[in-house]
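A short worksheet on the structure shown next.
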Amino acid sequence: MDERLNGHGYAKAAFDMAFLDLLGQKLGVPVSTLLGGALTDRVPAYYSLIVGEPEETARIAADKVKAGYPRLQVKIGGRNLEEDVAVVHKVWEAVGYKARLAVDGNRGLTVAAALHLDRLCQQIPFVFEQPCNTMEEIATLRGRVTHPVYLDESTEDQNAVLRAISMGIADGFGFKVTRLGGLTRMTTVRDLCAIRSLPHSCDDAWGGDIIAAACVHLAATVEPRRMEGAWIAQEYIKGHFDQEHPVVIKQGHIAVPQRPGLGVKPEPGMFGKPVAIYGP
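Residue 268 in our numbering sits at position 254 of the sequence shown; the count goes up by one each step and never skips.
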């Protein structure tokens, strides 16, 4: 595909997942086997707490820990820094060491704001996810913050990941399957991270059972001690493409599909008539 069309990783990701699904069905093995082999039969999920008021965010955080989530992502930014600091402190008070925390700036902080938040939350253990917009900004944080820094939005392709590792500016990553161009390319960055013992997540921005299954299959092939979890949109979506074999979160974890391919067989007619058909 790259020889025929440069770029367009999001579109290519769909084809990549489809090819792996078909190959797995043909060979009678799950996609995780094609990606190197599953190291576990279930992977940890993480819950993302949207930007909200301190007390309410802390309440939801406590509820999700009780539900079994081992990791929480706390969204910040787009408001006064004092509110973000208050949210981080309240969530920490509510969950403590019962769950690992990631504070996600979604590129929304200035370098100065990131430094201030880091120092005002110095006694709270968390990873600081993509606090600033560019790699260059994040590079200026090295040696000045006490929390590990993860990259997410900056990982636009394999080269960006390699660049971040070479620059030494990332302690871990939040990887999105479609942003990186599919599962095949994800295995490359997975292996790069393994060489440097860097943790990372395996998730995507949104979607149903198909992308959820893809994320889980890949997550299962990552060394558990470096697996930061898989985020899937199941809690926000009503129903499943495959009612008999849904991809679901139970007690904060997701079972790895064991059927051939992705393990998801959408109900007939669910997507309506195809817009176009190519091939024989």
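All C-beta atoms in this analysis are idealised placements derived from N, C-alpha and C, irrespective of residue type, glycine included.
Within the same chain, and ignoring the five residues on either side of Val203 in sequence, the residues whose Cβ sits closer than 7 Å to its Cβ are Gln172, Val175, Phe189, Leu194. The alpha helix (DSSP H) runs lying completely inside the segment 135 to 219 and spanning 4 residues or more are 149 to 153, 172 to 181, 197 to 209, given in chain order.
Cβ atoms of Leu129 and Val99 stay farther apart than 8 Å, at about 12 Å. Straight through space, the alpha carbons of Phe187 and Ile263 are spaced by roughly 22 Å.
Closest in C-alpha terms to Val65, from the list Thr201, Lys89, Glu170, comes Lys89.
Gln272 is the residue among Phe140, Gln272, Glu258 whose C-alpha sits nearest the C-alpha of Leu232.
DSSP links His267 through a beta bridge to Pro58, Lys264. By the Cβ criterion, the segment 247 to 263 is in contact with the segment 212 to 232, since at least three pairs of Cβ atoms, one from each stretch, lie closer than 8 Å.
Counting C-beta atoms within 10 angstroms of its own C-beta, Ile183 has 16 or more neighbours from the protein chains shown and is therefore classed as buried. Around Val261, the same chain offers Asp223, Ala226, Ala227 as residues with beta carbons nearer than 6 Å, after the five sequence neighbours per side are excluded. Contact between Ala247 and Gly221 holds, with the beta-carbon distance rounding to 6 Å and staying under 8 Å.
Here the segment 203 to 212 makes no contact with the segment 40 to 47; the two share fewer than three CB pairs at distances below 8 Å. Ala75 sits close to Val105, with the two beta carbons spaced by under 7 Å.
Considering only Asp218, Val289, Gly266, Asp185, the residue with the shortest C-alpha distance to Arg240 is Asp185. With respect to the 7 Å criterion, Lys78 and Tyr60 are not classified as neighbours on the basis of their beta carbons. Taking Thr71 as reference, the option from Lys40, Ala52, Gly92, His103 with the minimal CA-CA separation is His103. Between Cys146 and Leu165, the gap from beta carbon to beta carbon reaches 7 Å or more. Per DSSP, the beta-bridge partners of Arg114 are Arg85. Taking 7 Å as the cut-off, the Cβ atoms of Asp30 and Gly196 count as close. Under the three-state reduction of DSSP, Pro282 is assigned to coil, being neither helix nor strand.
For Glu69, the enclosing alpha helix (DSSP H) starts and ends at 68 to 80.
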